[in-house]
Amino acid sequence: MRLGLYVNLYADKADRPRLADAVEQVRLAEQAGFAWVVLGERHLHRPGYHEALTSLAYLAAHTERIGLATAGLIAPVYQPVWLAETLAHIDVLSGGRLTAGFVLGYRPEEFALFGTRPEQRVPRFEECLELLTRLWTEDEVTFEGRWTRVDGAYLSPRPVQDPRPRIWNGGRVPAALERTARMCDGWTTSFNETDEELPGKIRAYRSYPQGPASLGAEVIVCREGYAAATTQRARAALERPLRGLYDAYGDWKRTSADAARYAQQWDDIAARSVIGSPGECRERIGRYAEMGADGLVLRVQPPGMAQADALRAIEAFGDLGV
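Our numbering puts the first residue of the sequence shown at 13, with every later residue one more than the last.
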């Protein structure tokens with residue numbers, strides 16, 4: 013089972029503009045055998061949130077082997093040519109380590125910030141990914157969409173990976189799973205997708221026809237994660253900061269269909285997470301493998317958790333040798 017480390021990019025006045033803690037975590041994850049460092053995206057957040065793509069380039073410069081992934085960029089708000097070129101350059105700078113993960117987005121204020129509208133998000137998403145994929149793989153592109161037109165366009169340099177970097181997409185409803193199978197190479201689950209829901213959704217995702225340019229149909233399960241010597245120590249380190257994050261999510265996701273899931277109690281959260289002793293975490297990881305997951309992305313440090321606690325969890329997961 014491949015593991016990814018989800019690095020939160022929450023910022024405050026004390027750490028701007030440096031990402032020293034993130035660099036330390038990612039270097040340790042690289043040494044511990046993690047497959048990816050994974051970054052999310054957020055806007056209009058106080059006290060701050062580091063921008064994802066420049067942060068990914070910064071982490072690329074401080075690492076050598078670990079994959080660099082997003083989960084996910086809000087594709088409908090981006091100008092597709094700019095996004096394709098920027099991501100291609102990150103792949104070049106990193107020596108071919110990029111995985112580009114996207115989402116539709118859900119916060120009306122984020123769409124307004126970029127001059128787009130939520131009701132346009134599905135066609136904008138599809139137009140963005142179609143043009144991005146073509147620019148990554150074709151010598152010259154002429155394209156006329158609803159929002160973007162190019163004539164004889166090309167990228168130079170194109171991505172290092174052949175034929176292109178892998179593309180992930182998140183989403184929970186059948187339409188999102190169908191779109192992922194058709195346009196992408198992997199599905200990233202929600203952090204709050206329950207274990208009872210996952211097997212059926214994995215089967216549904218893999219039942220949809222793959223598009224002609226697809227590179228596969230891998231499943232990447234996103235989970236809260238914390239490994240410690242005992243279950244009690246894991247809970248003591250994680251519960252308070254994670255509860256604070258979930259309380260904040262309840263407000264941020266007020267317009268999302270899954271907002272109520274962030275009001276759940278510890279036992280509900282732990283039941284869909286990889287938290288506990290090494291033996292318990294190994295058993296949980298094995299259960300996701302049996303469900304059909306190809307990888308796990310673990311969020312080990314909610315805002316408010318000490319750096320030392322996060323580093324201990326990363327090291328403990330590395331020691332599992334999965």
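The C-beta atom is built at its ideal place from N, Cα and C for all residues, glycine as well.
Here the structure is a predicted model, which means the values were calculated and not measured.
Cβ-Cβ separation, residue j to residue i (assumed contact under 8 Å), whole Å
| i | j | result |
| --- | --- | --- |
| Val19 | Leu40 | Wrong, their Cβ atoms sit about 11 Å apart, outside the cutoff. |
| Arg170 | Thr111 | Contact doesn't hold; Cβ gap of about 16 Å is too wide. |
| His200 | Ala83 | Here residue 200 turns out to be Thr, not His, going by the sequence shown. Yes, they are in contact, since the Cβ atoms of Thr200 and Ala83 sit about 5 Å apart, within 8 Å. |
| Pro3 | Leu144 | Past the boundaries of the shown model lies residue 3; the chain is included only from 13 to 334, so the question cannot be answered. |
| Ala72 | Ile102 | 6 Å |
Assigned secondary structure, residue i (DSSP; H/G/I helix, E/B strand, else coil)
| i | result |
| --- | --- |
| Asp163 | strand |
| Cys293 | helix |
| Phe329 | helix |
| Glu36 | helix |
| Leu250 | helix |
| Leu15 | strand |
| Ala155 | Note on residue identity: the sequence assigns Phe, not Ala, to residue 155. In the structure shown, Phe155 sits in a strand (DSSP, three-state: E or B). |
| Ile78 | coil |
| Ala318 | coil |
| Cys140 | helix |
| Phe123 | helix |
| Tyr220 | coil |
| Thr200 | strand |
| Leu310 | strand |
| Thr206 | coil |
| Gly45 | coil |
| Leu105 | helix |
| Thr128 | coil |
| Glu3 | Beyond the ends of the chain as shown, which are 13 and 334, falls residue 3; an answer cannot be given. |
| Arg191 | helix |
| Gly288 | strand |
Cβ-based burial, residue i [other Cβ within 10 Å; buried from 16]
| i | result |
| --- | --- |
| Asp197 | buried |
| Lys213 | buried |
| Trp94 | exposed |
| Gln37 | buried |
| Gly302 | Checking the displayed sequence, the identity of residue 302 turns out to be Glu instead of Gly. Per the 10 Å Cβ criterion, exposed. |
| Val185 | exposed |
| Arg58 | exposed |
| Gln277 | exposed |
| Gln313 | buried |
| Gly288 | buried |
| Ala64 | buried |
| Glu42 | buried |
| Glu152 | exposed |
| Glu53 | buried |
Beta-carbon contacts of residue i that lie in its chain and below 6 Å, excluding the five residues immediately before and after
| i | result |
| --- | --- |
| Glu122 | His55 |
| Arg14 | Ala47, Gly307 |
| Val334 | Met13, Ile297 |
| Gln319 | Asp33 |
| Arg255 | none |
| Leu250 | Tyr238 |
| Ala240 | Ala246 |
| Val233 | Thr201, Tyr300, Ala305, Leu308 |
| Cys293 | Ala239, Val286 |
| Gly157 | Glu139 |
| Gly108 | Val172, Gln173 |
Top-ranked residue by Cα proximity to residue i, from the options
| i | options | result |
| --- | --- | --- |
| Glu138 | Arg176, Asp174, Glu97, Ala187 | Ala187 |
| Ile78 | Val49, Thr145, Ala260 | Val49 |
| Gly16 | Gly333, Arg311, Leu323 | Arg311 |
| Ala193 | Arg215, Pro211, Arg296, Ala249 | Arg215 |
| Ala23 | Leu144, His62, Leu210, Val309 | His62 |
| Thr98 | Ala69, Leu257, Phe126, Val134 | Ala69 |
| Arg191 | Arg245, Pro175, Tyr217, Leu167 | Tyr217 |
| Arg299 | Gly108, Leu210, Asp174 | Leu210 |
| Glu329 | Asp280, Ala246, Ile281 | The identity of residue 329 in the sequence shown is Phe, whereas the question assumes Glu. Residue Ala246 is the option with its Cα nearest to Phe329. |
| Arg281 | Arg252, Leu227, Arg294, Gly291 | Just to set this straight, residue 281 is Ile in the shown sequence, not Arg. Nearest C-alpha to Ile281: Arg252. |
| Leu147 | Pro175, Ile232, Val231 | Pro175 |
| Val231 | Gly113, Glu76, Pro290, Gly45 | Gly113 |
| Cys195 | Met317, Phe203, Asn204, Asn181 | Here residue 195 is Met; the residue named in the question, Cys, does not match the sequence. Cα-wise, what sits closest to Met195 is Asn181. |
| Gln244 | Pro290, Leu257, Gly228 | Pro290 |
| Ala325 | Gly223, Pro92, Thr242 | Thr242 |
Beta-carbon contacts of residue i that lie in its chain and below 8 Å, excluding the five residues immediately before and after
| i | result |
| --- | --- |
| Thr154 | Val162, Asp163, Gly164, Ala165 |
| His74 | Val35, Val38, Arg39 |
| Val104 | Pro169, Pro171, Val172 |
| Gly183 | Val115, Leu116, Leu189, Arg191, Thr192, Trp199 |
| Ser67 | Leu21, Leu31, Ala34, Leu51 |
| Glu8 | Any answer about residue 8 is impossible in this case: the structure gives the chain only from 13 up to 334. |
| Leu167 | Ala96, Glu97, Ala100, Leu147, Trp148 |
Cut-off 7 Å between Cβ atoms - residues of its own chain near residue i, not counting five sequence neighbours on either side
| i | result |
| --- | --- |
| Arg129 | Phe123 |
| Tyr90 | Cys140 |
| Gly117 | Ile86, Pro88, Val89, Phe123, Arg133 |
| Phe203 | Cys234, Arg235, Glu236, Arg311 |
| Trp159 | Arg136, Glu139 |
Neighbour flag for residue i against chain B, beta carbons, 8 Å
| i | result |
| --- | --- |
| Ile297 | In the structure shown, chain B cannot be found, because there is only a single protein chain. |
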